[in-house]
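S.K.: Taken in order, these protein sequences are the chains called H and B.
So the first sequence is residues 4 to 372, counted in my numbering.
So the second sequence is residues 4 to 372, counted in my numbering.
A virtual CB, placed ideally from N, CA and C, is assigned to each residue, including glycine.
Before we start, here is the structure in question, set down as structure tokens.
There are 2 protein chains.
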Amino acid sequence: MKFKFEILKKDKNSYARTGKMYTNHGKVETPIFMPVGTNATVKAITPEELEELGAQIILNNTYHLYMRPGMDIISKFGGTQKFMNWNKPILTDSGGFQVFSLAALRKIKEDGVEFNSHIDGSKHFFTPEKVIGIQETINSDIMMMLDICPPYPSEKKYVEKVTKLSNKWGALALKARKSDNALFGIAQGGMYKDLRKMAIEELSAMDFDGIALGGLSVGEPNDLMYEMLEYTAPLLPIDKPHYLMGVGTPEDLLIGVKNGIDMFDCVIPTRNGRNGMAFTSRGTISIKNKQYTEDMSPLDDQCQCYTCRNYSKAYIRHLFKAKEILAARLLSYHNLYFFLKLMEKIRASIAEDRFLEFKKSFLIKYNGG
Amino acid sequence: MKFKFEILKKDKNSYARTGKMYTNHGKVETPIFMPVGTNATVKAITPEELEELGAQIILNNTYHLYMRPGMDIISKFGGTQKFMNWNKPILTDSGGFQVFSLAALRKIKEDGVEFNSHIDGSKHFFTPEKVIGIQETINSDIMMMLDICPPYPSEKKYVEKVTKLSNKWGALALKARKSDNALFGIAQGGMYKDLRKMAIEELSAMDFDGIALGGLSVGEPNDLMYEMLEYTAPLLPIDKPHYLMGVGTPEDLLIGVKNGIDMFDCVIPTRNGRNGMAFTSRGTISIKNKQYTEDMSPLDDQCQCYTCRNYSKAYIRHLFKAKEILAARLLSYHNLYFFLKLMEKIRASIAEDRFLEFKKSFLIKYNGG
């Protein structure tokens with residue numbers, strides 16, 4: 004089927020909106036947070052648990068799956084959904100971000116990017132067309148174009164060059180698509196507003212199913228990230244889904260939604276969970292802290308998740324100190340619940356025209372007010 | 004309540020029997036395999052999954068819990084059941100085995116054993132009375148007496164000395180008990196039949212609720228282990244539960260049951276699972292092997308467990324190679340299912356007077372016949 008996006012409700016007092024995406028593997032209500040399943044698994048969590056948590060769509064990493072297990076195997080299974088036992092929508096990134104953050108000896112050429120694998124050093128060449136082919140093998144419901152993500156800080160000249168090249172690659176990606184899977188463009192432009200605007204204008208004129216903001220939250224100060232976001236997000240074509248890639252904290256999600264972002268993904272609920280951090284309605288806590296040694300209360304007394312209904316901070320701290328896998332499970336589960344529940348509350352607040360109020364009261368409590 | 008054991012059915016052609024143990028946290032059908040939850044968690048598995056797997060009783064390690072999180076915390080929770088969210092029976096070992104296998108600088112004295120913690124080097128002294136107190140704080144349904152486990156090989160003179168001392172400690176343990184939790188004796192004796200006999204005779208005359216065989220599967224050749232087991236197990240008092248500690252493989256369980264063993268515990272389903280080994284009806288496989296790279300079949304096509312109903316060898320191998328936590332979860336789950344299902348089949352075969360047949364046909368298939 005052809006991908007479709009419909010806007011259900013627009014907030015009166017901000018750019019926030021609720022919507023619905025229709026994909027080959029089902030509907031997705033926006034704004035949405037997508038748990039990251041890099042290696043065709045959301046770390047420490049089963050697909051059944053993801054459903055229980057209310058996850059509607061997850062992300063797979065093209066670069067990682069291309070390297071391991073490789074496309075022969077994924078192809079044999081007819082995509083990652085069957086491979087990993089997840090029957091709902093999947094979004095894949097293009098691999099571009101990993102090439103520029105993980106791989107070695109990368110070399111940008113006019114028609115693609117050459118690099119060495121971070122796993123075995125083997126040499127590879129990604130082109131806009133090739134990464135579409137890979138994503139069609141993965142059979143992801145939403146594919147991303149190959150782009151070049153400039154690091155922070157970068158000279159304007161360099162950013163301009165790679166942003167223009169990215170846009171050119173976007174057009175090639177669209178031409179290369181053979182499936183009816185959705186394909187999103189990625190607007191780069193670094194921290195330069197005119198380049199961001201140029202990128203969005205060019206991509207908006209193309210036949211993408213959605214537009215993403217790439218190259219934010221790549222090391223720049225938070226204030227600058229928010230400034231760029233607030234300038235850029237409202238420029239995105241109103242009738243298409245807006246995706247803020249690789250972001251972020253609960254604050255980031257709220258500010259993103261306020262500016263019209265519909266989709267987010269980030270590793271922090273699971274990665275920070277494995278490192279002993281829990282997100283709670285009163286801010287984050289580190290379960291490593293000595294103060295929790297004998298604490299019989301749950302991670303968040305306002306949370307109804309499996310972890311909080313059954314386990315104490317003292318127990319989770321004990322598991323964490325003893326390096327038990329169950330610590331990673333319980334913390335990852337709780338954090339994903341926190342993020343997915345936050346998005347559910349955001350959607351409800353937009354539907355009821357009280358998003359800004361919700362945002363304010365959430366942040367006051369979250370920041371210890 | 005007072006611990007009770009009843010024998011339901013005795014096999015006509017072997018020492019095998021089925022029975023039922025009544026503990027403070029419920030009934031346990033024997034013969035039983037007890038998953039090991041060293042740090043108050045069966046590694047990578049939740050209590051709900053244990054119930055789903057049919058686990059009736061699990062083991063906690065006294066030594067580990069005493070070291071971390073410590074008895075102050077366990078006491079605050081009223082035992083490990085509440086601490087770890089497991090409401091069924093728990094058996095605790097005495098800590099003796101860990102003192103002799105993990106701890107440093109141990110020194111056996113007439114009234115106990117001095118040692119240094121393997122975690123922080125701190126100095127400790129375990130007495131027969133103290134470890135009963137610890138186990139009563141843990142509130143385990145079945146406690147074990149402090150014993151001395153001689154390594155293999157050991158001089159007869161040494162084995163005789165520590166076996167006699169262990170028996171003396173057994174009498175002190177019984178005197179120290181203040182709860183109605185069950186208390187089992189542990190018969191040592193190394194690889195010396197007369198010492199084994201002596202140990203069992205002395206312990207049988209005491210008021211233990213069950214008797215365990217300790218000091219087997221400690222590095223001796225398999226044949227010798229089986230020889231000692233076949234000689235020793237039938238000497239155990241018929242009306243009390245017989246527990247073979249720290250054992251073992253599926254073959255070991257079958258041979259144990261044949262000789263009248265009612266209870267087993269071992270880390271191999273979970274530890275070997277984490278290391279990439281799966282137990283199947285046709286023997287063990289290593290998921291690391293290249294031959295499984297594109298294998299779309301489950302770990303065991305005759306297995307109905309969650310892992311086998313949903314995942315392929317190729318996917319689990321991929322997870323294992325990518326060091327994903329889900330690999331440990333899926334393999335541990337499958338292996339525990341295999342062990343617990345084996346015990347269920349053993350109980351059914353005894354009830355239907357076809358245990359030796361079952362044993363034979365299981366082993367023919369398991370050993371590739």
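#1: Along chain B, which residues have their Cβ under 8 Å away from the Cβ of H/Lys178?
#2: Quick test of your reading: B/Lys91 and B/Gln59, contact by CB under 8 Å. State the CB separation rounded to the nearest angstrom.
#3: Classify B/Gln138 as buried or exposed, calling it buried when 16 or more other Cβ atoms lie within 10 Å of its own Cβ.
#4: Do H/Met194 and H/Glu223 have their C-beta atoms closer together than 8 Å?
#5: Less than 8 Å between the CB atoms is what I'm expecting for H/Ser220 and H/Val260, so what's the real figure, rounded?
#6: Reducing DSSP to helix, strand and coil, say where H/His127 ends up.
#7: Could you name the residues of chain B that H/Tyr318 contacts, counting a contact when the two beta carbons are closer than 7 Å?
#8: Given a threshold of 16 other Cβ atoms within 10 Å of its Cβ, counted over all protein chains shown, does H/Glu327 qualify as buried or as exposed?
#9: Who are the near neighbours of H/Ala176 in its chain, counting only those whose CB is closer than 6 Å to its CB and skipping five residues on each side?
#10: Since H/Met146 is in the beta strand (DSSP E), which residue starts that stretch and which ends it?
#11: Can you look up B/Phe211 in the DSSP assignment and give me helix, strand or coil?
#12: Please report the residue range of the alpha helix (DSSP H) in which B/His321 lies.
#13: Which residue or residues does DSSP assign as beta-bridge partners of H/Ser289?
#14: Am I right that B/Gln191 and B/Ala208 are in contact with their C-beta atoms under 8 Å? What's the rounded C-beta distance?
#15: Starting from the beta carbon of H/Met299, find every residue of chain B whose beta carbon is closer than 8 Å, and list them in chain order.
#16: Is the region 339-349 of chain B touching the region 66-82 of chain H, taking contact as three or more C-beta pairs under 8 Å?
#17: Rounded to a whole number of angstroms, what is the C-alpha to C-alpha distance between H/Lys13 and H/Thr26?
#18: So is B/Leu329 in contact with chain H if we call contact Cβ pairs under 8 Å?
#19: Since H/Ile61 and H/Ile93 are thought to touch, with beta carbons under 8 Å apart, how far apart are those beta carbons, to the nearest angstrom?
#20: Using a Cβ-Cβ cutoff of less than 6 Å, which residues in the same chain neighbour H/Thr287 once the five nearest sequence positions on both sides are dropped?
#21: Name the residue from H/Ile264, H/Thr252, H/Met228 whose alpha carbon lies nearest to the alpha carbon of H/Pro240.
#22: Rounded to whole angstroms, what is the Cα-Cα separation between H/Arg1 and H/Cys306?
#23: Taking three-plus beta-carbon pairs below 8 Å as touching, is the region 331-340 of chain H in contact with the region 39-47 of chain H?
#24: Tell me where the beta strand (DSSP E) around B/Cys269 begins and ends.
#25: What span of residues does the beta strand (DSSP E) with B/Arg312 cover, start to end?
#26: State the beta-bridge partners of H/Met24 as determined by DSSP.
#27: Using 8 Å as the threshold, is the C-beta distance between H/Ser368 and H/Arg285 below it?
#28: Just curious, the beta strand (DSSP E) that B/Gly115 is in, first and last residue?
#29: Measure from the alpha carbon of H/Pro50 to the alpha carbon of each residue in B/Ala331, B/Ala179, B/Tyr314, B/Arg180, then state which is nearest.
#30: Any idea if B/Tyr161 is buried or exposed, counting beta-carbon neighbours within 10 angstroms, 16 or more meaning buried?
#31: Give the range of the alpha helix (DSSP H) segment to which H/Arg350 is assigned.
#32: Relative to the C-alpha of B/Asp197, which candidate in B/Phe365, B/Asn225, B/Thr235 has its C-alpha closest?
#33: Using only the alpha-carbon positions, how far apart do H/Glu32 and H/Gly22 sit?
#34: Could you check the C-alpha separation between B/Leu322 and H/Tyr318 for me, to the nearest Å?
#35: From H/Lys324 to H/Phe211, what does the alpha carbon distance come to, in whole angstroms?
#36: How many angstroms separate the CA atom of B/Thr41 from the CA atom of B/Phe100?
M.R.: Once the coordinates are examined:
#1: On the first sequence, position 175 is the one that residue 178 of chain H refers to. Ordered by position in chain B, no residue passes the 8 Å Cβ test against H/Lys178, which lies about 32 Å from the chain.
#2: Locating residue 91 of chain B in the second sequence gives position 88, where the first residue counts as 1. Locating residue 59 of chain B in the second sequence gives position 56, where the first residue counts as 1. Between B/Lys91 and B/Gln59 the beta-carbon gap is near 6 Å, inside 8 Å, which marks them as a contact.
#3: The sequence position of residue 138 of chain B within the second sequence is 135, counting from 1. B/Gln138 is buried by the Cβ-count criterion.
#4: The count along the first sequence starts at 1 and reaches residue 194 of chain H at position 191. The count along the first sequence starts at 1 and reaches residue 223 of chain H at position 220. Between H/Met194 and H/Glu223, the C-beta gap is smaller than 8 Å, which places the two residues in contact.
#5: Counting from one through the first sequence, the residue named residue 220 of chain H turns up at place 217. Counting from one through the first sequence, the residue named residue 260 of chain H turns up at place 257. Actually they are not in contact, since the Cβ atoms of H/Ser220 and H/Val260 sit about 15 Å apart, beyond 8 Å.
#6: The count along the first sequence starts at 1 and reaches residue 127 of chain H at position 124. DSSP places H/His127 in strand when its eight states are reduced to three.
#7: Within the first sequence, residue 318 of chain H is the residue found at index 315, counting from 1. Those within 7 Å of H/Tyr318 in chain B are Phe86, Met87.
#8: Taking the first residue of the first sequence as 1, we reach residue 327 of chain H at position 324. Buried, since its Cβ has 16 or more Cβ neighbours within 10 Å.
#9: Start at 1 with the first residue of the first sequence, and residue 176 of chain H comes out as number 173. Cβ neighbours of H/Ala176 beyond the five flanking positions: Pro131, Ile135, Met148.
#10: As a first step, residue 146 of chain H must be located in the first sequence, where it is residue number 143. Start and end: 145-147.
#11: As a position in the second sequence, residue 211 of chain B is number 208, starting the count at 1. Correct three-state label for B/Phe211: coil.
#12: Working through the second sequence from its first residue, we reach residue 321 of chain B at position 318. Looking at the DSSP string, the run of the alpha helix (DSSP H) that includes B/His321 is 316-324.
#13: The residue you call residue 289 of chain H lines up with position 286 of the first sequence. Per DSSP, the beta bridge partners of H/Ser289 are H/Met280.
#14: Start at 1 with the first residue of the second sequence, and residue 191 of chain B comes out as number 188. Start at 1 with the first residue of the second sequence, and residue 208 of chain B comes out as number 205. Not a contact, Cβ separation roughly 16 Å.
#15: Along the first sequence, one-based indexing puts residue 299 of chain H at 296. In chain order: Lys79, Phe80.
#16: Judged by Cβ distances under 8 Å, the region 339-349 of chain B makes no contact with the region 66-82 of chain H, as fewer than three pairs qualify.
#17: Here residue 13 of chain H refers to the residue found at position 10 of the first sequence. Here residue 26 of chain H refers to the residue found at position 23 of the first sequence. In this structure, the alpha-carbon of H/Lys13 lies about 22 Å from that of H/Thr26.
#18: Taking the first residue of the second sequence as 1, we reach residue 329 of chain B at position 326. So yes, B/Leu329 belongs to the interface.
#19: Here residue 61 of chain H refers to the residue found at position 58 of the first sequence. Here residue 93 of chain H refers to the residue found at position 90 of the first sequence. Going by Cβ atoms, the distance from H/Ile61 to H/Ile93 rounds to 6 Å, so yes, they are a contact pair.
#20: Stepping through the first sequence from its first residue, residue 287 of chain H is reached at position 284. So the list reads Met280, once near-sequence residues are dropped.
#21: What you label residue 240 of chain H is simply residue 237 of the first sequence in a count that begins at 1. H/Pro240 has its Cα closest to that of H/Ile264, out of H/Ile264, H/Thr252, H/Met228.
#22: Nothing about residue 1 of chain H can be read from this structure; chain H reaches only from 4 to 372.
#23: Touching, per the Cβ criterion.
#24: As a first step, residue 269 of chain B is located in the second sequence; it is residue number 266 there, counting from the start. Residues 266-269.
#25: Counting from 1 along the second sequence, the entry for residue 312 of chain B is found at position 309. Looking at the DSSP string, B/Arg312 is not in any beta strand (DSSP E); the run it does join, the alpha helix (DSSP H), is 309-313.
#26: Residue 24 of chain H sits at position 21 when you count from the first residue of the first sequence. Note: H/Met24 sits in a beta bridge opposite H/Phe8, H/Val31.
#27: Reading the first sequence from its first residue, position 365 is the one you call residue 368 of chain H. Reading the first sequence from its first residue, position 282 is the one you call residue 285 of chain H. Looking at the sequence itself, residue 368 of chain H is Lys, so the reference to Ser does not match. Between H/Lys368 and H/Arg285, the CB-CB gap stays under 8 Å.
#28: Position 112 of the second sequence, counting from 1, holds the residue named residue 115 of chain B. For B/Gly115, the enclosing beta strand (DSSP E) begins and ends at 115-119.
#29: Working through the first sequence from its first residue, we reach residue 50 of chain H at position 47. Comparing Cα-Cα distances from H/Pro50 to each of B/Ala331, B/Ala179, B/Tyr314, B/Arg180, the minimum goes to B/Tyr314.
#30: Within the second sequence, residue 161 of chain B is the residue found at index 158, counting from 1. B/Tyr161 is exposed by the Cβ-count criterion.
#31: Your numbering for residue 350 of chain H matches position 347 in the first sequence. Counting along the chain, the alpha helix (DSSP H) containing H/Arg350 begins and ends at 328-354.
#32: Here residue 197 of chain B refers to the residue found at position 194 of the second sequence. Measuring from the Cα of B/Asp197, the nearest candidate turns out to be B/Thr235.
#33: As a position in the first sequence, residue 32 of chain H is number 29, starting the count at 1. As a position in the first sequence, residue 22 of chain H is number 19, starting the count at 1. Cα to Cα, H/Glu32 sits roughly 6 Å from H/Gly22.
#34: To locate residue 322 of chain B, count along the second sequence from 1; it is residue 319. To locate residue 318 of chain H, count along the first sequence from 1; it is residue 315. Inter-residue distance for B/Leu322 and H/Tyr318 is about 28 Å (C-alpha atoms, whole angstroms).
#35: Along the first sequence, read from residue 1 onward, the residue named residue 324 of chain H stands at position 321. Along the first sequence, read from residue 1 onward, the residue named residue 211 of chain H stands at position 208. The alpha-carbon of H/Lys324 is positioned some 48 Å away from that of H/Phe211.
#36: Counting from 1 along the second sequence, the entry for residue 41 of chain B is found at position 38. Counting from 1 along the second sequence, the entry for residue 100 of chain B is found at position 97. Looking at the two C-alpha atoms, the distance is approximately 13 Å.
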